[in-house]
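Take a look at the structure below.
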Amino acid sequence: MNLPSILVVDDEPDNFDVIETLLNEPDYQLHYAANGQEAMANLDTFNPNLILL
Numbered sequence: 002m003n004l005p006s007i008l009v010v011d012d013e014p015d016n017f018d019v020i021e022t023l024l025n026e027p028d029y030q031l032h033y034a035a036n037g038q039e040a041m042a043n044l045d046t047f048n049p050n051l052i053l054l
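Here's what the structure looks like:
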């Protein structure tokens, strides 16, 4: 089964914890990036269904 993936981009690491708390369902695969450049580099690795900035 292919889980929907979400890329979370934020320069404040504490916000990753907030997002993880809100999206605590096991039906998502969460990925994180600390800035736009890191997010763009990660797009080569996986193709997220949603990007949260």
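Each residue of the sequence shown is one higher than the one before, counting from 2 in my numbering. Where is the CB? At the ideal position from N, CA and C, for every residue including glycine. Quantities reported herein were computed from a predicted structural model and do not represent experimental measurements.
Nearest-angstrom beta carbon gap, residue j and residue i [assumed within contact, 8 Å]
i, j, result
"residue 47", "residue 33", "So it is not a contact: roughly 12 Å between Cβ atoms."
"residue 1", "residue 43", "What the structure shows of the chain is the stretch from 2 to 54, and residue 1 is not part of that stretch, so it cannot be assessed."
Option nearest residue i by Cα separation, candidates the options
i, options, result
"residue 29", "20, 35, 14", "20"
"residue 27", "52, 7, 54, 53", "7"
Residue(s) in a DSSP beta bridge with residue i
i, result
"residue 29", "Answer is none; residue 29 lacks a bridge partner."
"residue 44", "In DSSP, residue 44 forms no bridge with anything."
Alpha carbon of residue i to alpha carbon of residue j, nearest angstrom
i, j, result
"residue 31", "residue 50", "10 Å"
"residue 14", "residue 23", "15 Å"
Extent of the continuous beta strand (DSSP E) to which residue i belongs
i, result
"residue 8", "6-10"
"residue 54", "Segment: none, residue 54 is in no beta strand (DSSP E) and carries neither H nor E."
Extent of the continuous alpha helix (DSSP H) to which residue i belongs
i, result
"residue 23", "14-23"
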